[in-house]
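What follows is one structure encoded as structure tokens, with my remarks underneath.
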Amino acid sequence: MAVINMEEARKNVSRVGFLDIEIDPTLDLFHEIERLKKEKNAILLAHYYQEPDIQDVADYIGDSLGLAQQAEKTTADIIVFAGVHFMAETAKILNPTKKVLLPDLNAGCSLADSAPADRFRAFKEQHPNHIVISYINCTADIKALSDIICTSSNAEKIIESLPADQPIIFAPDKNLGAYLNKKSGRNMVLWDGACMVHEIFSLEKITKLKVRHPEAKLIAHPECEEPLLKIADFIGSTTQLLKYTQQDPSSSYIVATETGILHQMQKASAGKTFIPAPPNNSCACNDCPYMKLNTLEKLYLCMEYETPEILMDEQLRLAAKKPIERMLEISKAAGLGG
Ligand code: SF4
2 MAVINMEEAR
12 KNVSRVGFLD
22 IEIDPTLDLF
32 HEIERLKKEK
42 NAILLAHYYQ
52 EPDIQDVADY
62 IGDSLGLAQQ
72 AEKTTADIIV
82 FAGVHFMAET
92 AKILNPTKKV
102 LLPDLNAGCS
112 LADSAPADRF
122 RAFKEQHPNH
132 IVISYINCTA
142 DIKALSDIIC
152 TSSNAEKIIE
162 SLPADQPIIF
172 APDKNLGAYL
182 NKKSGRNMVL
192 WDGACMVHEI
202 FSLEKITKLK
212 VRHPEAKLIA
222 HPECEEPLLK
232 IADFIGSTTQ
242 LLKYTQQDPS
252 SSYIVATETG
262 ILHQMQKASA
272 GKTFIPAPPN
282 NSCACNDCPY
292 MKLNTLEKLY
302 LCMEYETPEI
312 LMDEQLRLAA
322 KKPIERMLEI
332 SKAAGLGG
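Numbering (the numbering used here), first residue to last: 2 to 339.
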């Protein structure tokens, strides 16, 4: 329940994750957010999985790779990150002198949570001589235990950059890891983690949808499970899926990833039809509950009062920075822009 007192609201942030205060309902939040961006020299970075209103007010919308690249090159004083915790952490790792804000600290990630640092350290010790490639969807602690970070946009290039006989641990997403093993012909050791959003698509419902819409192409994110990927017409990162729908001549698509991306797909190809792939529960589409914790109201409040802020131990930051920098260098050399 919202409180009026600012001091109390600030104290509550560590418990509730955001500034829980009432906003004047007549306030034009779009206008206010634009005003705050200018006044504070702040940049608003938003992930494709954010709600449409947040995407529409953002300075840059992208997937994990694009957002990390934008965070690295920004000259703004404040980075407002409309995404989840590990993404804002990555921005802080790359920008220690800038203030990094996240509208709701509880915007976590089931995939990042599936790799606790102590268990991962022990796993790594069981596999000496292995290089650790970690998907960017992991905590700063896991990044610090990794040699190279990757995203779904650049994972193949990162793997290719290593000698063919180099043993590799891939963490934390086993579905993405299995897909990459198949594509690269490697035998990477996989950490047993997964994303709750991409694991719950219903193969049965999707098959029925394909029958009802024979003209529609099924496009899927590689975090999905193998049986779904097997029947997909195209597999790619969120950015690659978006580009595909812009360049491909088909008129309709069944989209197997978080539904937030449909907003940009629809904007870019107004005449096409985009059908969200259904999960195996009673919902018709698949939202990430963490991504959707951010709202326009929380975004406005965090910009106005510069809270909640991402803070990080300097030693951890430096250790987590090295594998991210390696990723950014390899991506740049491979011509993968953001
Ligand atoms: S969609 Fe999955 S991987 Fe992405 S933030 Fe949500 S839980 Fe994490």
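A virtual CB, placed ideally from N, CA and C, is assigned to each residue, including glycine. Bear in mind the structure is a predicted one, so any value in this text is a computation, not a measurement.
So which residues put a beta carbon under 7 Å from any heavy atom of the ligand SF4, going in chain order? Here the list is Tyr50, Val85, Cys110, Ser111, Leu112, Ala113, Asn138, Cys196, Met197, Val198, His199, Glu224, Glu259, Cys289, Tyr291 and Met292.
Residue from Ala83, Lys322, Asp54 and Phe82 whose Cα sits closest to the Cα of Lys268: The residue with the shortest Cα to Cα distance from Lys268 is Asp54.
Let me know if Leu252 comes out buried or exposed under the rule of 16 or more other beta-carbons within 10 Å of its beta-carbon. The sequence shown places Ser at residue 252, rather than the Leu named in the question. Classified as exposed, Ser252 has fewer than 16 neighbouring CB atoms from the shown chains inside 10 Å of its CB.
Span of the beta strand (DSSP E), counted from its first residue to its last, around Cys151: Residues Ile149 to Cys151.
Anticipated Cβ contact below 8 Å, Leu177 with Glu224, distance rounded: Yes, they are in contact, since the Cβ atoms of Leu177 and Glu224 sit about 5 Å apart, within 8 Å.
From the DSSP output, which residues share a beta bridge with Tyr306? Answer is none; Tyr306 lacks a bridge partner.
How far does the beta strand (DSSP E) with Val256 in it reach, from first residue to last? From DSSP, the beta strand (DSSP E) with Val256 extends over Ser253 to Ala257.
Since Lys218 is in the beta strand (DSSP E), which residue starts that stretch and which ends it? First-last of the beta strand (DSSP E) with Lys218: Lys218 to Ala221.
In DSSP terms, what His48 is bridged to: DSSP, once it has assigned bridges, lists Gly63 as partnering His48.
Under the three-state reduction of DSSP, which class applies to Gly339: helix, strand or coil? At Gly339, the pLDDT of 44 sits below 50, so the modelled position is not reliable and the matter cannot be decided from this model.
Would you grab the beta carbon distance between Arg321 and Lys144 for me? Rounded to a whole angstrom, and I think it's under 8 Å. At residue 321 the sequence reads Ala, which differs from the Arg that was named. Right, the Cβ-Cβ distance comes to about 4 Å (below 8 Å), so this counts as a contact.
The alpha helix (DSSP H) that contains Ala349, what's its start and end? Beyond the ends of the chain as shown, which are 2 and 339, falls residue 349; an answer cannot be given.
By DSSP, does Pro277 sit in helix, in strand, or in coil? Pro277: strand per DSSP, three-state reduction.
From the DSSP output, in three-state form, read off Ser270 for me. In the three-state reduction of the DSSP assignment, Ser270 falls in the coil class.
Would DSSP call Leu163 helix, strand or coil? Here Leu163 sits in coil by DSSP.
Using the C-alpha atoms, what's the distance from Leu20 back to Thr76? Cα-Cα distance, rounded: 27 Å.
Flag this pair as yes or no: are the beta carbons of Leu103 and Ile262 separated by less than 7 Å? In this structure, Ile262 does not lie closer than 7 Å to Leu103 by Cβ.
For the alpha helix (DSSP H) that Ala10 lies in, which residues bound it at each end? Residues Met7 to Val17.
Please state whether DSSP places Asp174 in a helix, a strand or coil. Three-state result, Asp174: strand.
Residue range of the alpha helix (DSSP H) that includes Ile143: Counting along the chain, the alpha helix (DSSP H) containing Ile143 begins and ends at Ala141 to Ala145.
Span of the beta strand (DSSP E) around Lys293: For Lys293, no beta strand (DSSP E) encloses it, and the DSSP letter there is neither H nor E.
Under a three-way DSSP split, which group does Ile34 fall into? Residue state, collapsed to three classes: helix.
Nonlocal neighbours in the same chain, by C-beta distance under 6 Å from Leu46, ignoring five residues either side: Short of 6 Å from the beta carbon of Leu46, and not among the five residues preceding or following it, lie these beta carbons of its own chain, in chain order: Tyr61, Leu68, Gln71 and Phe82.
Exposure of Gly272, with buried meaning 16 or more beta-carbon neighbours within 10 Å: By the beta-carbon neighbour count (other beta carbons within 10 angstroms, threshold 16), Gly272 is exposed.
Write down the C-beta distance between Val85 and Gly109 rounded to the nearest angstrom, noting that I regard them as a contact closer than 8 Å. Val85 to Gly109, Cβ: 6 Å. Contact.
In angstroms with no decimal places, state the Cα-to-Cα distance between Gly339 and Glu23. Caution applies to Gly339, whose pLDDT of 44 falls short of 50 and renders its modelled position unreliable; the model cannot decide the point.
State the CB to CB distance for the pair Lys184 and Ser332, rounded to an integer number of angstroms; the pair is presumed to be in contact (CB under 8 Å). The distance from the Cβ of Lys184 to that of Ser332 is about 17 Å, inconsistent with a contact at the 8 Å cut-off.
Within 8 Å, do at least three Cβ pairs link the region 160–171 to the region 204–211? No, because fewer than three Cβ pairs between the region 204–211 and the region 160–171 fall closer than 8 Å, the two stretches do not touch.
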